[in-house]
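Below is one structure, written out as structure tokens; comments come after it.
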Amino acid sequence: MRLLLAGMTLACLGHVAHAQTGRYSESDAAAAAPESAPVAEAGQPAAAPAEAADAHADLKNMFDGSPAPTMAAPPAGASEPTPAGNPFGAPAPAASAAAELGPAAGPAASAAAHTPPAAAAALEPAATDQRSLLTKGPKPSKMMQDLMKAPAAATLTGTPVTLGEAVRDSRTRQDQTQRAKAYWDLAAATADYYLALLETQELATLRAGVSIPGQQWDARGTELANRVELAKKAAQSAQLQLHTLLGGGASSLPLPADVPHCGRYNAEYEEIFAQRQDLTAKKLAEVLSLRHAELRDMTQAIEDAEAFRALVSANRNPSGDGSDLLAAQQLLSLQRRAFVARAREYNQEIAAYTELAAPAEVPADRLVAMMIRVSTTTDQLNFGQGGIEPVAATEPVTPTEGAEATKKNDETPSTFAERHQEVRRPLQRLLGRERERSIVVRRLREVLDRD
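Following UniProt numbering, the numbering of the sequence shown begins with 1 at its first residue and continues without gaps.
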């Protein structure tokens with residue numbers, strides 16, 4: 001009997017020991033698994049490590065510019081989110097990815113968590129290059145502003161006129177385009193005249209540093225003197241043409257106050273001509289995109305020519321005739337003149353495109369915004385501030401505009417954003433806020449009853 005009781009006792013102790021061993025084995029395996037190891041559902045791959053997800057989020061921010069969402073740690077005792085495909089909210093399996101793959105998978109998974117993905121590492125330099133292209137490189141607009149500054153020796157007289165003033169009193173839409181093209185003709189002619197004066201000064205400075213200038217220096221000086229005279233007469237002719245288009249009533253000839261647009265132009269052909277196809281407008285839109293790229297290349301060519309002239313000047317033979325320096329100056333002159341001519345064509349094409357995009361008569365301010373977006377007047381080049389600024393919705397409303405909006409809104413708005421609400425408020429008064437509230441409440445009740 002005692003032997004029987006002893007055998008039964010040993011058997012019970014064996015079952016208890018086996019149960020304790022299994023329980024502690026499961027807890028030890030769970031403790032050995034990394035806390036950040038993802039839990040994979042049945043039939044689905046394991047989620048990426050947290051570090052890799054952060055790397056992808058940072059990479060996305062380099063292109064989007066939006067901050068990465070920060071995942072807050074769940075508070076103690078909070079329930080885990082219900083996994084997809086489990087409508088009953090059952091807990092996910094506790095086995096980790098490292099435990100399922102075996103002991104060898106643990107170090108590999110840990111290394112993968114600290115190693116950025118190959119795609120992210122490959123795209124990081126590309127993102128840096130893309131950002132550098134937006135902040136560096138040639139700037140045609142800045143180049144055009146520099147060329148439109150009048151030298152001290154300039155004798156071209158007139159009254160500064162903006163593009164908006166030039167097209168304001170036009171009789172027809174075609175007249176607006178004609179005036180705009182004449183305006184850019186005058187701007188290009190004026191820039192060419194200023195450029196001729198600038199190069200005359202540069203030639204005199206370069207020649208003073210040459211000990212024995214050759215005859216080519218004299219020939220170049222005579223050529224520049226003739227060019228200054230020709231450029232001035234061409235600018236005066238352009239003044240008379242625009243003066244005639246403006247009615248000829250002013251006592252003085254016009255001078256361009258706006259700098260030609262040399263930045264990127266968004267033609268938006270697909271949106272504007274979605275309902276009416278126009279082959280001419282489509283080709284012009286394509287040309288405008290290529291023209292801006294050409295202006296950037298020409299700006300870079302001017303900068304390269306300036307650097308080459310400085311290099312030749314620093315390494316030339318002091319006892320020479322300076323012919324190599326004169327050739328470098330001639331190359332720079334040709335690059336500048338070509339840039340002015342191309343900027344003129346660019347703005348002429350923009351004027352033609354705007355007429356195709358908006359064939360009906362357009363208010364002067366709106367037309368100027370379509371052509372040069374933000375205008376930079378020659379009187380404000382030192383400040384870098386344009387004469388035509390876009391109106392923001394938060395800017396204060398003038399008393400006249402506020403009084404006009406008061407008649408429709410029954411209250412005086414303080415900003416343009418409030419003034420624009422006058423379109424929606426009559427509809428709100430027609431429906432009534434109580435009716436709107438009752439509709440929302442009824443819909444919510446229907447949803448709750450259905451659920």
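Positions of the beta carbon are idealized from the N, C-alpha and C atoms, including for glycine.
With L255 as the anchor, note down where its beta strand (DSSP E) starts and where it stops. DSSP places L255 inside the beta strand (DSSP E), whose first and last residues are 254-256.
Starting from the C-beta of R316, find all residues in its chain whose C-beta is less than 7 angstroms away, skip the five residues before and the five after it, and write them out in chain order. Contacts found: G322, D324, L325.
For V161, report the span of its beta strand (DSSP E) as first-last. Residues 159-161.
May I have the straight-line CA-CA distance separating V259 from N347, to the nearest angstrom? The alpha-carbon atoms of V259 and N347 are separated by roughly 10 angstroms.
Let me make sure I understand the geometry here. Which of P256, L186, A357, D169 has the alpha-carbon closest to that of R276? Cα-wise, what sits closest to R276 is A357.
State the Cα-Cα distance for the pair T205 and W217, rounded to the nearest angstrom. One alpha carbon belongs to T205, the other to W217, and they sit about 12 angstroms apart.
Less than 8 angstroms between the CB atoms is what I'm expecting for D185 and R344, so what's the real figure, rounded? Indeed they touch by this definition, with Cβ atoms about 7 angstroms apart.
Leaving out five residues on either side along the sequence, give the residues of the same chain with a beta carbon under 7 angstroms from the beta carbon of Q178. Cβ neighbours of Q178 beyond the five flanking positions: L245.
For Q176, does the count of other Cβ atoms within 10 angstroms reach 16, so buried, or fall short, so exposed? Buried.
Measuring alpha carbon to alpha carbon, tell me which of V340, V368, K232 ends up nearest Y353. Ranking the options by Cα distance to Y353, first place goes to V368.
Tell me whether K233 is buried or exposed, calling it buried when 16 or more other Cβ atoms sit within 10 Å of its Cβ. Label assigned to K233: exposed.
Mark Q145 as exposed unless 16 or more other C-beta atoms lie within 10 angstroms of its C-beta, in which case mark it buried. With 16 or more Cβ atoms within 10 Å of its Cβ, Q145 is classed as buried.
Pairwise C-alpha distance: T222 and Q341: For the sequence presented, residue 341 should be read as Ala rather than Gln. Whole-angstrom Cα-Cα distance: 23 angstroms.
Compute the Euclidean distance between the alpha carbons of L255 and G247, then round it to the nearest angstrom. Their Cα atoms are separated by approximately 15 angstroms.
Just checking my contact of Y183 with A154 at CB under 8 angstroms: how many whole Å lie between their CB atoms? In fact, because the Cβ distance is near 19 angstroms, the residues do not count as touching under 8 angstroms.
Cβ-based neighbour list, Q236, same chain, cut-off 8 angstroms, excluding 5 preceding and 5 following: So the qualifying residues of the chain are L156, L253.
N- and C-terminal bounds of the alpha helix (DSSP H) containing N226: Per DSSP, N226 belongs to the alpha helix (DSSP H) from 215-245.
Which class does I372 belong to by DSSP, given the choice of helix, strand or coil? Helix.
Which residue's Cα is closest to the Cα of L288: E199, A150, E349? Measuring C-alpha to C-alpha distances from L288 to each of E199, A150, E349 identifies E349 as the nearest.
Tell me the DSSP secondary structure of R168 in three-state form. The DSSP-derived three-state label of R168 is coil.
Only counting the same chain, and skipping five residues up and downstream in sequence, which positions put a Cβ closer than 6 angstroms to that of A95? Low confidence applies here, because A95 scores a pLDDT of 40, under 50, leaving its location unreliable; read the following figure in that light. Excluding five sequence positions before and after A95, none of the CB atoms of its chain fall closer than 6 angstroms to its own CB.
Reduced DSSP secondary structure (H/G/I, E/B, other) of S333: Looking at S333 - three-state DSSP - the assignment turns out to be helix.
Own chain, CB closer than 7 angstroms to G209, minus 5 neighbours either side, in chain order: Correct list: empty, nothing qualifies.
So, with DSSP's three-state summary, where would you put K149? For K149, the secondary structure class from DSSP, reduced to helix, strand or coil, is coil.
Could you give the first and the last residue of the continuous alpha helix (DSSP H) run that contains K139? For K139, there is no enclosing alpha helix (DSSP H), since its DSSP letter is neither H nor E.
Look at the alpha carbon of A231 and the alpha carbon of L197, and state the distance between them as a whole number of angstroms. The straight-line gap from Cα to Cα measures roughly 9 angstroms.
P138 and E303 closer than 8 angstroms at C-beta: Between P138 and E303, the C-beta spacing is below 8 angstroms.
Report the residue from K283, V161, A180 whose alpha carbon sits nearest the alpha carbon of A351. Among K283, V161, A180, the Cα nearest to that of A351 is on A180.
Pairwise C-alpha distance: V228 and T159: Cα to Cα, T159 sits roughly 21 angstroms from V228.
Decide if T172 is buried, meaning its Cβ has at least 16 other Cβ atoms within 10 Å, or exposed. T172 is exposed by the Cβ-count criterion.
Give me the Cβ distance between R207 and A364, rounded to the nearest whole Å; I'm assuming they're in contact under 8 angstroms. Beta-carbon to beta-carbon, R207 and A364 are separated by about 47 angstroms, too far to satisfy the 8 angstroms threshold.
Three-way DSSP call (helix, strand, coil) for F308 in this model: Residue state for F308 is assigned as helix, using DSSP reduced to three classes.
Would you please state the rounded distance, in angstroms, between the beta carbons of A338 and M298? I believe it to be under 8 angstroms. Rounded, the Cβ-Cβ distance is 6 angstroms, consistent with contact.
Can you tell me which of the three DSSP states Y265 falls into? Three-state result, Y265: coil.
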